[in-house]
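Enquirer: Before I ask anything, let me first share the structure, which is written out below as structure tokens.
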Amino acid sequence: MNKLNTNVRHFGCFNVKTTGPWTKRGRNISLEYPALRDLLELNEDQRLEKGVNLSKQILNSKIPNWDYLTCTLQIVSDGAIKNKDIALRDILVHAINISGQSAIDGAEGKSHNNCPSRIYYESLRGLANYHNTTNSYPLGIYPIYLPNYTLDPLAKYSGIPHAGLNKPLIDVVIIHGVCGSPFRTWRLSKAAESNDLYKKEVPRDICWYWLWPRELLAREFPNVRIIAIEYYSQFLKAKARFPWANRFGLERKIWVQGEWVEDFQTLESGNFTGLANKFCKKLRRAGVGNNPLLILGHSFGGLLTQLMLLSDPELMNNLHAIVGYAVPYLGSSHGTNPRNLRILKLIGMEFTDTIKKICDDTFINHLLNNFSKLIEKRLFKIYTFEETIETRVTRLGINTFIVEHGKANPPFTDQHFRPLHSCHNDVCKPNGKDDVRYKPIAEIIHKLTLNRQ
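Residue numbers (our numbering): 11 to 463.
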């Protein structure tokens with residue numbers, strides 16, 4: 011069975027035909043979509059043809075079903091790697107425009123799943139595949155900013171032009187942590203200091219659009235290519251003897267997500283190296299490693315960075331910096347804290363095996379030793395930042411440190427370690443160009459840009 015990365019609310023959309031959305035302002039608007047499982051069973055050409063037709067139907071409906079559109083666009087974006095039919099391009103451009111308009115209109119921009127954001131970047135991935143003959147962007151590899159092709163429906167609200175003509179001089183790869191997403195983790199800080207980046211006419215409901223690597227780096231360095239890695243993970247699951255807890259656990263969150271399910275199962279099996287190998291191969295397909303490279307990781311994303319470099323040491327040949335935001339380089343006691351475990355016992359939940367392994371000293375020490383040996387003669391810099399404010403964990407009803415004091419400061423960081431007045435979620439969100447979370451990145455890219463010109 012061919013794999014399909016989808017993101018659809020409720021298992022019903024996967025197994026049965028779905029009609030939706032149903033009503034708006036008293037009007038009955040129906041559109042039947044086939045079960046996603048039916049699409050999975052088609053061959054590649056048939057699935058692409060079906061994906062194009064379904065995307066047209068959804069885009070032309072008065073109220074698009076965003077979740078289902080995400081699935082069909084992923085089919086179209088993957089098909090654009092080989093198929094250069096102009097119909098594919100038209101679908102992707104239409105999707106980009108409608109995602110921007112939906113965010114401006116309001117309601118959809120507030121979706122918990124960031125649908126307009128995902129649709130915009132999924133379409134951008136497809137357009138990049140359509141216009142590229144050398145590199146490709148497979149599932150899980152999102153081009154957040156491409157200097158050689160960026161179609162921006164909100165350009166009048168942004169300093170980024172509709173299209174750039176230059177090839178990338180430098181690559182920046184960003185990797186989120188457990189429960190994260192490129193469309194949530196890397197948003198611009200909402201702090202008052204960042205208000206200067208928002209023009210007064212920008213509607214509030216397009217906040218999904220403001221990813222700081224794109225808005226800060228791309229404005230200052232238009233020849234930088236920014237790529238985000240995405241994988242699916244969770245930190246809580248229901249215990250078998252408490253089936254009612256599924257309403258609050260993994261089964262409630264894990265929509266039908268073909269390849270994402272595989273990623274989750276890989277993490278849960280403890281095969282972190284397998285996931286790292288997979289992303290190394292995908293990044294190579296995107297041409298990462300040919301240009302000077304910077305890698306930014308938040309929390310587990312920093313550990314995944316280490317695993318990827320251990321898996322493919324040649325990536326270090328062009329690596330100039332690693333930036334870690336609240337990365338548990340020395341482990342974390344979050345998954346073994348007695349208070350946390352007592353609360354989980356009461357609600358019939360437990361930490362996922364992914365979290366348990368991250369909090370396992372044996373795994374952390376093994377990774378630390380191997381990575382320290384790997385980078386003994388490194389020529390790149392490593393910057394690390396630490397959280398100093400407790401994070402609100404809503405599901406547990408507590409405030410706690412996800413990565414405790416000192417755990418984000420490994421022995422190989424030299425003098426590039428800094429505690430920040432931020433919680434775990436905000437430690438990777440700069441307020442602006444003068445923020446210490448951003449300045450080291452800008453300085454390195456500035457030097458590289460001068461050397462490459």
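Glycine included, every Cβ here is placed at the ideal spot set by N, Cα and C.
Confirm, please, whether the CB-CB distance from His456 to Ala336 is below 7 Å.
Expert: Going by C-beta atoms, Ala336 is not nearer than 7 Å to His456.
Enquirer: Suppose the cutoff is 6 Å on Cβ atoms and the five residues either side in sequence are ignored; what does the same chain contact list for Ile412 look like?
Expert: The residues are His344, Thr401 and His434.
Enquirer: Taking C-beta to C-beta, are Leu198 and Glu240 nearer than 7 Å?
Expert: Against a cut-off of 7 Å, the Cβ pair of Glu240 and Leu198 comes out as no contact.
Enquirer: I need the DSSP call for His376, collapsed to helix, strand or coil.
Expert: DSSP places His376 in helix when its eight states are reduced to three.
Enquirer: Using a 10 Å radius around the Cβ and a threshold of 16 neighbouring Cβ atoms, would you call Thr315 buried or exposed?
Expert: Label assigned to Thr315: buried.
Enquirer: With three or more beta-carbon pairs closer than 8 Å as the criterion, would you say the segment 87 to 95 touches the segment 124 to 141?
Expert: Touching, yes, given that three or more Cβ pairs across the two stretches are closer than 8 Å.
Enquirer: Can you tell me the Cβ-Cβ gap for Pro420 and Leu340, rounded? I've got them flagged as a contact below 8 Å.
Expert: About 6 Å; that satisfies the 8 Å criterion.
Enquirer: Output the distance between the C-alpha atoms of Ser432 and Leu460, rounded to the nearest integer angstrom.
Expert: Going by the C-alpha atoms only, they are around 33 Å apart.
Enquirer: Does the segment 447 to 456 touch the segment 360 to 372, meaning 3 or more C-beta pairs lie closer than 8 Å?
Expert: No contact exists between the segment 360 to 372 and the segment 447 to 456.
Enquirer: Classify Thr276 as helix, strand or coil using the three-state DSSP reduction.
Expert: Of the three classes helix, strand and coil, the one that applies to Thr276 here is helix, per DSSP.
Enquirer: In the DSSP assignment, what residue or residues form a beta bridge with Pro429?
Expert: Beta-bridge pairing links Pro429 to Glu396.
Enquirer: Starting from the C-beta of Phe381, find all residues in its chain whose C-beta is less than 8 Å away, skip the five residues before and the five after it, and write them out in chain order.
Expert: Here the set comprises Gln316, Leu319, Leu320 and Phe422.
Enquirer: Among Asp100, Ala105 and Glu59, which has the Cα closest to the Cα of Asp77?
Expert: For Asp77, the nearest C-alpha among the options comes from Ala105.
Enquirer: Can you tell me which of Gly312, Asn287, Ser71 and His426 puts its alpha carbon nearest to the alpha carbon of Gly190?
Expert: Nearest option by C-alpha distance: Gly312.
Enquirer: Short check: CB of Tyr152 to CB of Tyr131, under 7 Å?
Expert: Cβ distance < 7 Å, so Tyr152 and Tyr131 count as in contact.
Enquirer: For Thr283, report the span of its beta strand (DSSP E) as first-last.
Expert: Element bounds for Thr283: not the beta strand (DSSP E) but the alpha helix (DSSP H), Phe282 to Arg295.
Enquirer: Counting only runs that start and end within the segment 291 to 339, where is the beta strand (DSSP E) found for 3 or more residues in a row?
Expert: List check, beta strand (DSSP E) in window: 303 to 308 and 329 to 335.
Enquirer: CB-CB under 8 Å to Gly407, same chain, minus the five flanking residues each way: which ones, in chain order?
Expert: Closer than 8 Å at Cβ, skipping near neighbours: Ile353.
Enquirer: Buried or exposed: which applies to Asn375, given that a residue is buried once 16 or more other Cβ atoms fall within 10 Å of its Cβ?
Expert: Its Cβ having fewer than 16 others within 10 Å, Asn375 is exposed.
Enquirer: Distance cutoff 7 Å, beta carbons only. Does Glu324 sit that close to anything in chain C?
Expert: Here chain C cannot be found, since the structure has a single protein chain.
Enquirer: So, are the CB atoms of Leu79 and Ile68 less than 7 Å apart?
Expert: It is a contact, given that the beta carbons lie within the stated cut-off.
Enquirer: When you compare only the Cα positions, how much space is there between Gly150 and Pro192?
Expert: Near 10 Å, if we compare the C-alpha coordinates of Pro192 and Gly150.
Enquirer: Quick one: what does DSSP say Ala138 is sitting in, helix, strand or coil?
Expert: Note: Ala138 maps to helix in three-state DSSP.
Enquirer: Would you identify the three-state DSSP class for Lys391, choosing helix, strand or coil?
Expert: Lys391 falls in the strand class under three-state DSSP.
Enquirer: Measuring straight from C-alpha to C-alpha, what distance separates Asp273 and Lys291?
Expert: Asp273 and Lys291: Cα-Cα distance of roughly 14 Å.
Enquirer: Pick out whichever of Leu134, Gly61 and Asn441 has its Cα sitting closest to the Cα of Leu108.
Expert: Contrary to the premise, residue 108 reads as Ile rather than Leu in this sequence. Closest option to Ile108, Cα to Cα, is Leu134.
Enquirer: Near Leu368, what residues of its chain come up, given a Cβ to Cβ distance below 8 Å and the 5 sequence neighbours on each side ignored?
Expert: In the sequence as presented, Leu is not what sits at residue 368; that position holds Ile. Correct list, in chain order: Val188, Phe310, Leu313, Pro338, Gly341, Ser342, Gly345 and Ile374.
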